[in-house]
Amino acid sequence: MTIKNVMVIGAGQMGGGIAQVCAQAGYSVTLNDLSQDFLERGMTAIGKNLSRSVEKGRMSEEEKEACLARISRSTDIQDAAHADLIIEAAVENMTVKTEIFKKLDQAAPAHAILASNTSSLPITEIAAATKRPEKVIGMHFMNPVPVMKLVEIIRGLATADEVYQAVEEMTRRLNKAPVEVNDFPGFVSNRILMPMINEAVYTLFEGVATKEAIDDVMKMGMNHPMGPLELADFIGLDTCLYIMEILHEGFGDSKYRPCPLLRKYVKAGWLGKKTGRGFYEYN
Ligand code: CAA
Ligand code: NAD
Numbered sequence: 001m002t003i004k005n006v007m008v009i010g011a012g013q014m015g016g017g018i019a020q021v022c023a024q025a026g027y028s029v030t031l032n033d034l035s036q037d038f039l040e041r042g043m044t045a046i047g048k049n050l051s052r053s054v055e056k057g058r059m060s061e062e063e064k065e066a067c068l069a070r071i072s073r074s075t076d077i078q079d080a081a082h083a084d085l086i087i088e089a090a091v092e093n094m095t096v097k098t099e100i101f102k103k104l105d106q107a108a109p110a111h112a113i114l115a116s117n118t119s120s121l122p123i124t125e126i127a128a129a130t131k132r133p134e135k136v137i138g139m140h141f142m143n144p145v146p147v148m149k150l151v152e153i154i155r156g157l158a159t160a161d162e163v164y165q166a167v168e169e170m171t172r173r174l175n176k177a178p179v180e181v182n183d184f185p186g187f188v189s190n191r192i193l194m195p196m197i198n199e200a201v202y203t204l205f206e207g208v209a210t211k212e213a214i215d216d217v218m219k220m221g222m223n224h225p226m227g228p229l230e231l232a233d234f235i236g237l238d239t240c241l242y243i244m245e246i247l248h249e250g251f252g253d254s255k256y257r258p259c260p261l262l263r264k265y266v267k268a269g270w271l272g273k274k275t276g277r278g279f280y281e282y283n
């Protein structure tokens, strides 16, 4: 299973980062989103990241240009016809993801691997929307993708061993560390991280402390690089809420109930850094 051409679905904060690290590792990348505007936003972010690497002396201007030239833009899912591996990084919503996987299954060549960067949705259920469940796998990158080492690789019920091996090998080529986990709600990362974030929101909701105090306790007391509320803003409050809902539904345990304050912020459209306002304000 040789992977040369990679397609990334979704040019948001995760898809853009995934396209960037794949292009940096020498893969030919097709970045797909719903409109040229979304693609433009994603490519601008990639350009900025690469320029910072040039400024820091980690890459030459020529290498940056070559890297950007390896990424082509697409608004047509049929472009999957040229891909060996497709990594989906659209919104955390099962209906959206299964629609995308159905279309990818029809458009992509028979040998192509279909991976999802989902934070919490069952890989087995996404795979069931296709006629190639053995070629469907979870490839969960961490945010910000160019910086974070981990890729959590999730085996669905039917994922074939050679598909797992190919994705693990590619992850190493991206200079990332693969960790294998099984398909369970939230996998390992978000089963542990997201209840902590949700508890921080409850702590704010119940008036135990200010948002700054809650974040300071976790930063200075536990050596976390960001406090949980700052991290929630960074991830996106919509994504945090989706993940808590998946945990709540998947385990049927009230300890995973999303905090009403998290719901309220999402309903207000205060989704965190990406919309300029979440628990904190950003310009
Ligand atoms: N994109 C690309 N690079 C970025 C970046 C971004 N959004 N943000 C920071 N960086 C780079 C900076 O350029 C800098 O690189 P250089 O040193 O080479 O210049 C490096 O990261 C450190 O950045 P800063 O010095 O500006 O800031 P920092 O030391 O505070 O680090 C951070 C920033 C790496 C984001 C750090 O705050 C951190 O690790 N935060 C926690 C991140 C985390 O927990 N991620 C996981 C989220 S959960 C998830 O992803 C799974 C899910 O399903 C929700
Ligand atoms: P985002 O909102 O920044 O980006 C999502 C992008 O997908 C948008 O540009 C949107 O236009 C595009 N999109 C939506 N539907 C599409 C479709 N049908 N076809 C093509 N593009 C489509 O979201 P994000 O934070 O990048 O999250 C993307 C995925 O990655 C989610 O599944 C999320 O759970 C997961 N994830 C997020 C994080 C995080 O910290 N934000 C970390 C790991 C995994």
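End of the sequence shown sits at 283 in full-length UniProt numbering; the numbers just go up one at a time, nothing left out. We put the CB at the ideal spot given by N, CA and C, even for glycine. All figures in this text were calculated on a predicted structure; none of them were measured in a lab.
Beta-bridge partners of residue i, as assigned by DSSP
i, result
"Leu-85", "Val-6 and Ile-113"
"Ile-71", "Val-29"
"Pro-178", "Val-151"
"residue 287", "Residue 287 is absent from the structure shown; the chain starts at 1 and stops at 283."
"Glu-281", "Arg-277"
Short CB-CB distance (under 8 Å) between residue i and chain D
i, result
"Ala-128", "No chain D appears in the structure shown, which is made up of a single protein chain."
beta-carbon residue i near ligand 1 non-hydrogen atom, thresh 7 Å
i, result
"Ser-60", "no"
"Pro-144", "yes"
"Met-226", "yes"
"Asn-49", "yes"
"Thr-44", "no"
"Asn-190", "yes"
"Arg-155", "no"
"Ser-119", "yes"
"Arg-52", "yes"
"Ile-3", "no"
"Ile-18", "no"
"Leu-193", "yes"
"Lys-56", "yes"
"Met-148", "yes"
"Ile-235", "yes"
"Leu-229", "no"
"Thr-239", "yes"
Residue of the options minimising C-alpha distance to residue i
i, options, result
"Gly-12", "Ser-189, Thr-44, Gly-269 and Leu-68", "Thr-44"
"Arg-73", "Ile-192, Thr-159, Ala-19 and His-224", "Ala-19"
"Lys-274", "Ala-129, Asp-161, Arg-41 and Asn-117", "Arg-41"
"Asp-37", "Glu-168, Ile-86 and Gly-10", "Gly-10"
"Glu-162", "Ile-137, Ala-107 and Ile-87", "Ile-137"
"Ile-153", "Arg-172, Thr-239 and Val-179", "Val-179"
"Asp-84", "Ala-107, Leu-39, Glu-55 and Glu-92", "Ala-107"
"Ile-87", "Val-201, Tyr-202, Glu-212 and Thr-171", "Thr-171"
"Gly-227", "Met-244, Met-196, Asp-253 and Glu-206", "Met-196"
"Gly-15", "Ile-214, Leu-39 and Glu-55", "Leu-39"
"Gly-47", "Ala-66, Ala-160, Thr-130 and His-111", "Ala-66"
"Leu-121", "Pro-109, Ile-113 and Lys-97", "Lys-97"
"Thr-203", "Ser-189, Ile-192 and Met-218", "Met-218"
"Glu-169", "Met-139, Ala-158, Gly-186 and Leu-157", "Met-139"
"Glu-134", "Met-148, Phe-141, Asp-105 and Met-142", "Asp-105"
"Asn-49", "Gln-24, Met-142 and Leu-241", "Gln-24"
"Asn-117", "Pro-109, Ala-128, Lys-103 and Leu-150", "Leu-150"
"Val-145", "Pro-109, Lys-102, Ala-89 and Glu-62", "Ala-89"
"Ile-246", "Ala-80, Val-8 and Arg-191", "Arg-191"
"Lys-264", "Phe-279, Lys-255 and Gly-252", "Phe-279"
"Thr-130", "Glu-99, Met-194, Val-201 and Leu-174", "Glu-99"
"Lys-71", "Ser-53, Gly-57, Arg-52 and Met-7", "Per the sequence shown, residue 71 should be read as Ile rather than Lys. Taking only the C-alpha atoms, the option nearest Ile-71 is Met-7."
"Thr-95", "Lys-176, Arg-277, Tyr-242 and Asp-76", "Tyr-242"
"Lys-176", "Gly-250, Phe-187, Asp-216 and Met-142", "Met-142"
"Lys-4", "Met-220, Leu-174 and Glu-92", "Leu-174"
"Trp-270", "Asp-79, Gly-236 and Leu-193", "Gly-236"
Check: residue i C-beta below 7 Å from any heavy atom of ligand 2
i, result
"Asn-32", "yes"
"Val-96", "yes"
"Phe-141", "yes"
"Gly-186", "no"
"Gly-176", "A quick correction: the sequence has Lys, not Gly, at residue 176. Answer for Lys-176: no, Cβ out of range of ligand 2."
"Met-14", "yes"
"Phe-101", "no"
"Ile-87", "no"
- [ ] Entirely within the stretch 216-275 and at least 3 residues each: give me those beta strand (DSSP E) ranges in chain order.
- [x] none
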